[in-house]
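Participant:
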Amino acid sequence: MRTRASGRTVGGLRSLSLQAPAVTLLLIWMLIPLGMTLWFSFQRYNLMMPGMEQFAGLENYEYLFTDPALWRAMGTTLVLVGSVLAISVIGGTLLAVLYQQEFLGRGVARVLAISPFFIMPTVSALIWQNMMMHPVNGVLAWFTGLFGLPAIDWFSSFPLLSIIIIVAWQWLPFALLILLTAMQSLDDDQVEAARMDGAGPVAVFFFITLPHLKRAISVVIMIQMIFLLTIFAEIYVTTSGGPGLATTNLAFLIYIRALLEFDVGGASAGGVIAIILANIVAIFLIRMVAKNLED
Amino acid sequence: MATLQLTQVAKRFDDTEVLKGIDLEVNDREFVVFVGPSGCGKSTLLRIIAGLENATSGDIVIDGERINEVGPADRGLAMVFQSYALYPHMTVEDNMGFSLRLAGVGKEQRRDKVREAARILQLEPLLDRKPKALSGGQRQRVAIGRAIVRNPSIFLFDEPLSNLDAALRVQMRIELARLHEELDATMIYVTHDQIEAMTMADKIVVLQAGEVEQVGSPMELYHHPRNRFVAGFIGSPKMNFLPVTCRAADTDGVEVQLPGGGQRKVPVNGEGLSGGEQLELGIRPEHLVLDDEGPLEGRIQVLERLGGQTSLYLQMGEQLITLMADGDVEHRVNDHVRFGFDPQRAHLFDADGLALTSLQRHPLSRLVRQDSRARPEGGA
Amino acid sequence: MNTSRTQRLVLAVVAWSITFVIFFPILWMFLTGFKTEAQAIADPTLFFTPTLDSYAAIQSRANYFHFALNSVYVAFGSTLLALLIGIPSAYSMAFLPTKRTKGTLLWMLSTKMLPPVGVLVPIYLIFRDLGMLDTRTGLIVVYTLMNLPIVIWMLYTFFKDLPKDILEAGRMDGASTHQEILFLLIPLTLPGIASTGLLSVILSWNEAFWSLNLTSSRAAPLTAYIASFSSPEGLFWAKLSAASTMAVAPILIFGWLTQKQMVRGLTFGAVK
């Protein structure tokens with residue numbers, strides 16, 4: 003009885019045993035699929051041709067890099083990520099400033115404005131595709147009709163733009179949520195001191211607010227990048243990557259290769275590229291979070 | 002019965018050495034205070050004794066048994082934390098009875114023990130309250146009560162009064178002294194406040210930078226500090242230090258030349274010193290006296306009248322000297338005054354900051370226990 | 009005074025107009041759910057006689073509940089599992105830190121950065137070989153692992169806020185590790201644990217990549233069910249809206265409740 007708690011003062015061992023389940027699981031979760039993806043990417047391996055697996059060297063990569071679809075998909079990915087980021091960061095910052103002002107029903111308005119972020123991606127894609135952007139019965143068509151303008155067939159005329167609008171609608175509220183939270187930690191005294199020094203609202207925004215938000219903005223950019231690089235559901239539900247390859251991003255291309263064409267080798271090579279891209283972003287994000295951990 | 006011995010206890014966090022081989026003996030029923038500036042390692046030392054921290058090396062022995070490997074709950078100790086660390090979701094009664102509950106003590110017995118401790122601390126009317134509904138002083142008492150319930154062989158206190166306001170602190174100091182008397186237990190108390198150390202301790206351990214600077218009774222530390230650090234740390238206001246030059250030294254005293262040009266013979270053992278050596282003279286503000294014939298002179302820069310006493314801050318060359326004078330002094334700011342001291346009261350420190358031994362021990366410095374049960378023992 | 013009043017009025021109007029535009033699709037979805045299919049595709053109007061037909065239709069198609077139940081199982085199952093694994097881990101990181109703790113935390117975060125498409129193929133194949141394709145268990149496993157880093161990070165930040173002294177006092181009082189966690193840590197950080205759990209539920213509930221790729225019918229949650237509305241030729245907007253409203257409403261409410269803590273979780277504590 004007396005020795006029950008023996009040796010349990012402080013300890014590496016105890017801490018290790020408490021962490022072991024989480025660490026082990028995550029290790030398995032990360033290493034095995036990663037290793038397999040890497041391995042497959044050097045294999046000639048198609049699910050439709052079982053038993054034909056063989057080492058392919060860099061063939062999958064070669065094929066992938068010479069395939070115009072990859073470059074097209076990379077371009078689409080970049081445009082998608084870039085424009086959604088621009089919209090959500092700029093819009094989010096401006097809206098955060100707006101929602102920081104006092105006005106009637108501010109609390110409710112804030113909650114409503116961040117709501118799209120909580121909507122499941124398949125729902126938001128379908129609502130937009132059908133009820134908003136539908137060329138005949140959509141609200142936008144009705145709206146343009148009010149001004150006597152012809153309705154726009156969003157998904158056939160501007161497929162990528164349509165996807166961008168849907169995705170931005172979901173992620174702008176995320177940026178707003180983060181930036182609004184960050185804004186609340188801005189010291190009122192600082193703003194008042196600046197006012198006393200003769201700064202107008204614009205000067206306050208550029209010299210006080212924006213520098214204060216710098217860190218939050220970079221967090222928003224990096225987190226969104228990681229999610230936006232692999233946007234999938236919105237495309238799956240609305241355009242299935244089309245028309246042609248117009249809305250096929252890297253994630254969707256890999257999906258087509260793997261689960262529609264059963265080309266495991268090719269899809270894995272694409273996966274490796276996606277991982278490398280994501281890691282470039284992740285390194286910066288992790289560095290920043292690590293800095294945060296110091297205090 | 003509870004004694005504690007530390008032998009060469011060291012603690013290292015990564016590259017920093019927080020404790021550098023501490024040797025210490027705590028006697029049964031002694032009230033020992035660890036005192037030192039923040040970062041000196043006193044709290045770490047207490048936590049090592051408690052078992053909340055492992056010593057990197059060295060032995061911790063309680064009642065003759067090495068307990069380095071024993072868990073905190075099984076060392077027979079209880080600790081009162083600086084923040085009180087009461088369990089916010091439990092009532093006072095549950096807080097005090099938690100250890101008994103964990104030990105599987107029955108409900109009835111638990112109740113009795115908690116009531117008993119509550120009685121000692123006058124907490125009975127508060128037993129059903131949550132910590133949130135208590136004042137700072139009451140929380141403090143609950144924390145002590147939680148310790149009492151465990152009936153420990155040694156009580157550990159980690160700066161327990163630092164979160165209380167000044168008036169309450171005085172009151173709790175008295176209460177703790179009373180508790181020590183009543184419980185008749187060994188207590189180890191950590192503080193950065195030398196007043197708490199002076200008022201409560203049987204034995205003070207002065208720590209600095211992970212090392213014990215001096216161990217002794219309050220009066221011993223006050224009258225015979227071993228070095229310049231202890232001299233400056235114990236006593237308030239702080240001791241003044243003046244640069245002096247040794248003119249002549251032998252075993253009956255050291256004659257020094259004071260900054261103003263005067264000379265005094267300080268009764269300390271000057272063996273091994275030679276003329277011309279630079280020394281430091283330490284003299285407490287309460288031992289400086291205004292004296293028109295005095296060897297020192299300064300300009301009053303600030304004057305604080307406390308009523309019964311007046312603190313004079315005197316500009317003397319580059320230095321600011323503190324002098325505690327009578328409440329009725331009529332001087333004003335910018336007056337030039339002369340002052341002196343009784344060489345018997347002065348301390349001399351050599352170039353390494355070590356005190357030269359006084360030729361005469363102060364009679365009170367032999368007092369080891371504050372209470373009447375202890376008889377004065379021979380000097381250390 | 010007067011100008012400031014007009015200014016305030018203009019501000020309110022601008023802010024509310026923007027809010028309206030952002031929230032409009034959700035509002036519209038909500039309203040359309042109460043329309044008939046004919047009204048749903050008619051010219052937009054805010055005035056109509058609400059009907060519960062679509063809801064009734066969805067209810068009678070019993071399989072809605074099959075999908076909803078899958079969502080509940082998967083979201084809550086994975087959350088429970090993640091908390092169960094995460095609490096001891098976060099406890100040890102917050103209260104028994106070692107030199108490796110910081111590195112471990114960051115490494116966990118890095119597993120979250122792994123894009124799901126990058127590992128889709130092996131996970132798909134492993135699941136196929138283990139017979140876990142289209143099973144709730146499979147999805148629960150994936151979501152647990154997917155959310156574990158966020159859960160641990162968030163718990164870690166909440167646990168860090170708890171004064172260490174309280175747990176040490178418990179240790180002095182003789183509490184073992186699991187008693188410390190059970191009697192002190194969990195009761196004292198319950199609000200934090202709850203919001204961590206809610207965030208995990210939200211993320212699992214809304215997850216679409218794995219649910220679309222690893223399930224087909226048996227274990228398909230609501231995300232996949234809603235996606236099935238995209239294929240048929242006919243327009244069932246009212247029914248789609250009713251189903252979507254039901255799929256989205258609980259999570260929207262959870263989201264409103266946890267928005268503040270959600271920021272901490274999603275930014276790994278970098279924004280407070």
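Protein chains in written order, with my numbering: chain E, 3 to 297; chain C, 2 to 381; chain X, 9 to 280. Virtual Cβ for every residue (Gly too), placed ideally from N, Cα, C.
#1: Against chain E, with Cβ distances strictly below 9 Å, would residue 247 of chain X count as a contact?
#2: Near residue 214 of chain X, what residues of its chain come up, given a Cβ to Cβ distance below 8 Å and the 5 sequence neighbours on each side ignored?
#3: In chain X, which residues lie less than 7 Å from residue 88 of chain C when you measure between Cβ atoms?
#4: Taking the DSSP output, what are the residues bridged to residue 32 of chain C?
#5: Are the beta-carbon atoms of residue 252 of chain C and residue 276 of chain C separated by less than 9 Å?
#6: Whole angstroms is fine: what's the gap from residue 83 of chain E's alpha carbon to residue 186 of chain E's?
#7: If you draw a straight line from the C-alpha of residue 65 of chain E to the C-alpha of residue 279 of chain E, how long is it?
#8: Run through the DSSP bridge pairs and tell me what residue 304 of chain C is partnered with.
#9: For residue 171 of chain X, return the contacting residues in chain C, with the cut-off set at a CB-CB distance below 7 Å.
#10: Measure from the C-beta of residue 188 of chain C to each C-beta in chain X and report whether the shortest distance is under 9 Å.
#11: Whose CA, out of C/211, C/158 and C/165, lies closest to the CA of residue 189 of chain C?
#12: Which residue comes first and which comes last in the alpha helix (DSSP H) that contains residue 103 of chain E?
#13: Locate the beta strand (DSSP E) running through residue 244 of chain C, then write down its first and last residues.
#14: Would you list, in sequence order, the uninterrupted alpha helix (DSSP H) runs of no fewer than 4 residues that lie entirely inside the region 113-162 of chain E?
#15: Whole angstroms are fine: how far does the CA of residue 46 of chain E sit from the CA of residue 224 of chain X?
#16: Three or more beta-carbon pairs under 8 Å between the region 166-185 of chain X and the region 193-208 of chain X, yes or no?
#17: Which runs of the alpha helix (DSSP H) fall wholly inside the region 241-288 of chain E and span at least 4 residues, in chain order?
#18: Less than 9 Å between CB atoms is the rule here; does residue 140 of chain X satisfy it with respect to chain E?
#19: From residue 283 of chain C to residue 259 of chain C, what distance separates their C-alpha atoms?
#20: Who pairs with residue 17 of chain C in a beta bridge, going by DSSP?
#21: Between residue 100 of chain C and residue 151 of chain C, which are expected to be in contact by the criterion C-beta below 8 Å, what is the C-beta distance as a whole number of angstroms?
#22: Residue 74 of chain X lies in the alpha helix (DSSP H); which residues open and close that run?
#23: Can a CB atom of chain X be found closer than 9 Å to the CB of residue 107 of chain C?
#24: Check whether the region 255-274 of chain E and the region 94-103 of chain E are in contact - that is, three or more C-beta pairs closer than 8 Å.
#25: Going along the chain, which unbroken runs of the beta strand (DSSP E) with 3 or more residues stay wholly within the region 132-188 of chain C?
#26: Of the choices E/19, E/148, E/260 and E/173, whose alpha-carbon is the least far from that of residue 93 of chain X?
#27: Does residue 250 of chain X come out as helix, strand or coil in the three-state DSSP assignment?
#28: Shortest alpha-carbon distance to residue 99 of chain X belongs to which of X/50, X/194 and X/277?
#29: Taking a contact to mean a Cβ-Cβ separation below 9 Å, would you say residue 149 of chain C touches residue 118 of chain C in this structure?
#30: Just grab the DSSP bridge partners of residue 283 of chain C for me.
#31: Beta strand (DSSP E) containing residue 50 of chain E: first to last residue?
#32: With 7 Å as the limit, tell me which residues of the region 43-57 of chain X have their beta carbon closer than that to any beta carbon of chain E; keep them in chain order.
#33: Please identify the residue among X/234, X/13, X/44 and X/147 whose C-alpha is closest to the C-alpha of residue 222 of chain X.
#34: Would residue 121 of chain E pass as an interface residue toward chain X - the criterion being a Cβ-Cβ separation below 9 Å?
#35: For residue 192 of chain C and residue 167 of chain C, what's the separation of their Cα atoms in angstroms?
#36: Got a sec: which bits of the region 183-201 of chain E sit with their beta carbon under 8 Å from any beta carbon on chain X, in order along the chain?
Facilitator: For this structure:
#1: Output row for residue 247 of chain X: interface = no.
#2: 231 and 259.
#3: Residues of chain X passing the Cβ test: 174 and 192.
#4: The partner list for residue 32 of chain C (beta bridge, DSSP) reads C/188.
#5: 9 Å or more divides the Cβ of residue 252 of chain C from the Cβ of residue 276 of chain C.
#6: Pairing residue 83 of chain E with residue 186 of chain E, the inter-Cα distance amounts to about 28 Å.
#7: Near 19 Å, if we compare the C-alpha coordinates of residue 279 of chain E and residue 65 of chain E.
#8: Looking at the DSSP output, residue 304 of chain C shares a beta bridge with C/313.
#9: Result: 84 and 86.
#10: No, residue 188 of chain C does not count as interfacial toward chain X.
#11: Nearest option by C-alpha distance: C/158.
#12: For residue 103 of chain E, no alpha helix (DSSP H) run applies, since DSSP gives it neither H nor E.
#13: For residue 244 of chain C, the enclosing beta strand (DSSP E) starts and ends at 241-251.
#14: Every alpha helix (DSSP H) stretch that sits fully inside the region 113-162 of chain E and reaches 4 residues is listed by chain position as 123-128, 141-148 and 156-159.
#15: For residue 224 of chain X and residue 46 of chain E, the gap between their C-alpha atoms comes out near 27 Å.
#16: Judged by pairs of C-beta atoms under 8 Å, the region 166-185 of chain X touches the region 193-208 of chain X, as three or more such pairs exist.
#17: With a minimum length of 4 residues, the continuous alpha helix (DSSP H) runs that stay inside the region 241-288 of chain E are 252-257.
#18: Judged by the 9 Å Cβ criterion, residue 140 of chain X is not in contact with chain E.
#19: Their backbone Cα atoms lie some 12 Å apart in a straight line.
#20: Paired residues: C/14.
#21: About 5 Å; that satisfies the 8 Å criterion.
#22: Residues 71-103.
#23: With a threshold of 9 Å between beta carbons, residue 107 of chain C makes no contact with chain X.
#24: No, the region 255-274 of chain E does not touch the region 94-103 of chain E.
#25: The qualifying runs are 155-159.
#26: Residue E/19 holds the alpha-carbon nearest to the alpha-carbon of residue 93 of chain X among E/19, E/148, E/260 and E/173.
#27: It is helical.
#28: The residue with the shortest Cα to Cα distance from residue 99 of chain X is X/194.
#29: Less than 9 Å divides the Cβ of residue 149 of chain C from the Cβ of residue 118 of chain C.
#30: The partner list for residue 283 of chain C (beta bridge, DSSP) reads C/242 and C/348.
#31: Residue 50 of chain E -> no beta strand (DSSP E), and no H or E assigned at all.
#32: For the region 43-57 of chain X, the residues whose beta carbon sits under 7 Å from a beta carbon of chain E are, in order, 49, 51 and 52.
#33: Relative to residue 222 of chain X, the option among X/234, X/13, X/44 and X/147 whose CA is nearest is X/147.
#34: Under the 9 Å criterion on CB atoms, residue 121 of chain E is classed as interfacial with respect to chain X.
#35: Residue 192 of chain C and residue 167 of chain C have their alpha carbons spaced roughly 15 Å apart.
#36: Cβ contacts with chain X come from 183, 184 and 187.
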